[in-house]
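Notes follow once the structure below has been shown.
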Amino acid sequence: MAAIETNDIIVLSDVTKAFGTFQALKGINATIQEGEFFSLLGPSGCGKTTLLRMIAGFDEPTTGSISIDDKPMAGISANKRPTNMVFQSYAIFPHLTVAENVGYGLKTRKLPKKEIAAEVGKALDMVDLHGLGHRGAHELSGGQRQRVALARALVMKPKVILLDEPLSALDKKLRDQMQVELRSLQQSLGITFILVTHDQEEALIMSDRIAVMFEGEIAQLDTPEGLYRRPRTKRVASFIGVMNFLSAKLTGEKDDALTLTIDALGDVTVPRSIAPIGLDPAGIDAVGIRPEMLTVLMDETDTAERSVKGTITATSYYGDMTYYDVQLPGDGAPVTISMRNTAGRSVLPQGSEVSVGWGADSIVLFE
Amino acid sequence: MGVTLDKEARQGLTLLSPAALYALLMLAAPLAMVVTFSFWTQNYLDIDTTPTLDNYREAWSKPIYQVLMFRSLRISLTVTVVTVLLAFPIAYYISFHVKQRKALWLFLITVPFWTSYLLRVFLWKVILGFNGVLNTALMQVGLIDEPLTFILYNANAVVLTLAHAWAPFAILPIFVALEKIDRSLLEAAEDLGDGPVRQFFRVTLPLAMPGVIAATLIVLIPTVGDFITPRLVGGTDGLMIANMIQIQFGKANNAPLGAALAISSMVIVASISLLIYFAGKKFGGKVE
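Residue numbers (numbering that gives the first Met the number 0), protein chains in the order written: chain G, 0 to 366; chain L, 0 to 287.
Right, dumping it as structure tokens:
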């Protein structure tokens, strides 16, 4: 790319952060687009929160630069940045009412009282807290606190809203609901959201793009579908969803195709294009296949491109789904297969001999 | 009555009762005696137990008692303001800027308690006296030609000595209140546009208010009734109401008047304390 595109709202170039001898971030390069829902996903300690705090201005990078809206942010403190944060603990001011909390930043901007009241009212409506402005901070439930924190950021009309694990303190039902609400709010407002989360499902549901981080580095930056279907490394593959790894080696190579021998499944030819860019095919020692890409074949009418015999070693019934652990030929670990419990499909007990169907196009290759 | 207490309530009562009993015997009973005394009359050798308000009339109308009471309040309020204003930055520093050795700092603050209070008051005499450390030093440096006299045997000396003595008691509650402040609240304030000064006045100070109120009351209440310090460093115009109460119970042999003075002073201090408490609560908002 020649020039910085106008719709790049945040540009991170070679951002590093060291705490003493500990290297928290090791050279982050990423561009976040205006109006995008962008997630930083990774296990705890991967540096995602550190990166978010540096975008917010609570920390400075050790080296490298962050620019927001084409302006370099070095030396600009958090109170002067066009970003607002929804804190993990929500950080609701305990001595103020809901309305005073939401209007806190507008008061700093010295807006007239009437205007503040109007803006606060609009923001509270947006997060479904209509009429709760007079409540004290201590009279709120967890979900309401989360909404107040969000309204407090929205009311500032920032370029970017930063969310630090905003849903981690909520129970499952509320979290699922908030994920959908946050996503639709973000889409209707068109504000850039940057979400930090360790929950891969949350990231997949909400994001336009996700940066998966391990040990201070971005392992893969892609769309949710891209991450799930084409994880570049085994680590990303097992972090996003469930992945079966099968030992395999390269046995033939053409210009546009690779032939692999998979211990459990036999020979297969796949297009070279499914391999991550820069992969040396000779180095392949395993391939991946998702649980839903494997099928436990019930009878002769159940067909698949290819099939292989196996033995069920464990059955877990989830209601809508059944998860089988199936031992395939060879001495690899059992593979996990997920089956939707559609009409007429019975749940097979442990010990059953079954045929497992699969297809060549569901094979995933890793770096 | 057939009231049955659940296990937790009984446990609570058991834990409370030694202290409650002690307070009842050593505080409530003597207090009741003092109140009773204040309605009696002292005749030369015996006491007339006919209830009367004469003691109170005297305590509230005679100029000498008014002067002493006002002076006590003035000195005590000055001590409180000076102490809390000095204590706050120290507590703030330990809470916000000391990273690893907080315990050591708090320990150092208690160092003055290692010597007796009386000894510390005498030390101030040595420092502030006519030929004291301060005057000698200032004269040798050449800053003054003759010893300063306004620093000992007056109200200033009482303020100085009391403020020094009570500082640790003010630092600790403020420190605790500051420690309890969730640091992410300050980040939230910064994120919403506030610089350090506005953050302090809009978040830190209101949330530290419970500690500031506690410190204010802890210093104010006992210093109004202090009588050792004014006796030792106060001279004649540094005497306070407690000195007069002591005189009434002792040399003047008028325990009922002393009792009336004591009760009056108690009521005044209690009213001021309540006032400060509610004013502080209002400023601090609805902090749990």
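Even for Gly, the Cβ is constructed at its ideal location relative to N, Cα and C.
Note that the structure is a prediction, hence the values are computed from the model and not measured.
In the DSSP assignment, G:Trp357 forms a beta bridge with G:Arg305.
Pairing G:Phe365 with G:Gln32, the inter-Cα distance amounts to about 28 Å. Taking 8 Å as the CB threshold, G:Ala116 stays off the interface with chain L.
Think of a sphere of 7 Å around the beta carbon of G:Ser88: the chain L residues whose beta carbon falls inside it are Asp181 and Ser183, in chain order.
Residue range Ala256 to Ile261 is occupied by the beta strand (DSSP E) that includes G:Thr260, with no alpha helix (DSSP H) assigned at that position. For L:Asp236 and L:Ile74, the gap between their C-alpha atoms comes out near 11 Å. Between the region 222 to 239 of chain G and the region 188 to 204 of chain G, the count of C-beta pairs closer than 8 Å reaches three or more; the two stretches touch. Residues of chain G with a Cβ closer than 7 Å to the Cβ of L:Leu256 do not exist, since the nearest Cβ in that chain sits about 46 Å away.
For chain L, the residues of the region 97 to 126 of chain G that bring a beta carbon within less than 8 Å of one of its beta carbons are Tyr103, Gly104, Thr107 and Arg108, in chain order.
Taking all protein chains shown into account, L:Asp193 has 16 or more neighbouring C-beta atoms within 10 Å of its C-beta and is therefore buried. Shown here is that no member of the region 337 to 353 of chain G has a Cβ falling below 9 Å from a Cβ of chain L. Under the DSSP assignment, L:Ser71 falls in the alpha helix (DSSP H) whose first and last residues are Pro62 to Phe95. In terms of Cβ geometry, L:Leu127 and L:Leu151 form a close pair [threshold 8 Å].
If you look at G:Gly265, you'll find it in the beta strand (DSSP E) that goes Gly265 to Pro270. Going by C-alpha positions, G:Glu299 is about 24 Å away from G:Ile362. With distances taken between CA atoms, G:Arg208 lies nearest to G:Thr191 out of G:Leu50, G:Thr191 and G:Gln143. Looking at the DSSP output, G:Gln32 shares a beta bridge with G:Asp7. Taking a cut-off of 8 Å for Cβ pairs, the region 140 to 149 of chain L and the region 157 to 174 of chain L do not touch, as fewer than three such pairs fall below it. Considering only beta carbons, the part of the region 154 to 172 of chain G lying closer than 9 Å to chain L consists of Met155 and Leu161, in chain order. With contacts defined as CB atoms closer than 8 Å, L:Gly257 and L:Ala156 fail to qualify as a contacting pair. In this structure L:Ser272 is in contact with L:Leu216, their Cβ atoms being roughly 5 Å apart against a cut-off of 8 Å.
Flagged as an interface residue toward chain L: G:Phe57, by a C-beta distance shorter than 8 Å.
With its beta carbon less than 8 Å from one in chain L, G:Asn78 belongs to the interface. The beta carbon of G:Asn83 falls within 8 Å of a beta carbon belonging to chain L, placing the residue at that interface.
DSSP lists G:Leu194 and G:Ile209 as the beta-bridge partner residues of G:Ser38.
Taking 8 Å as the cut-off, the beta carbon of G:Pro280 is found closer than this to the beta carbon of G:Leu257. Of the candidates G:Asp7, G:Glu118, G:Arg228 and G:Ala218, G:Ala218 places its Cα closest to the Cα of G:Leu24.
By the neighbour-count criterion, in which 16 or more other beta carbons inside 10 Å mark a residue as buried, L:Leu84 falls on the exposed side.
Residue environment: L:Asn54 is assigned as buried (16 or more neighbouring CB atoms within 10 Å of its CB, all protein chains considered).
Of all residues in the region 193 to 223 of chain L, only Asp193, Gly194, Arg197, Val202, Pro205 and Leu206 place a beta-carbon less than 7 Å from a beta-carbon of chain G.
Under the 8 Å Cβ criterion, the region 293 to 310 of chain G counts as touching the region 325 to 336 of chain G, having at least three qualifying pairs.
Relative to L:Tyr43, the option among L:Ile244, L:Val110, L:Lys250 and L:Ser94 whose CA is nearest is L:Lys250. Fewer than three Cβ pairs drawn from the region 114 to 124 of chain G and the region 33 to 53 of chain G lie within less than 8 Å of each other, which leaves the two stretches out of contact. Around the beta carbon of G:Thr294, 16 or more other beta carbons lie within 10 angstroms, which makes this residue buried. Assigned with DSSP and collapsed to three states, L:Ile271 falls in helix. Residues of chain G whose Cβ lies closer than 9 Å to the Cβ of L:Glu186 are, in chain order, Arg52, Ala55, Phe57, Ala77, Met84, Phe86 and Ala90.
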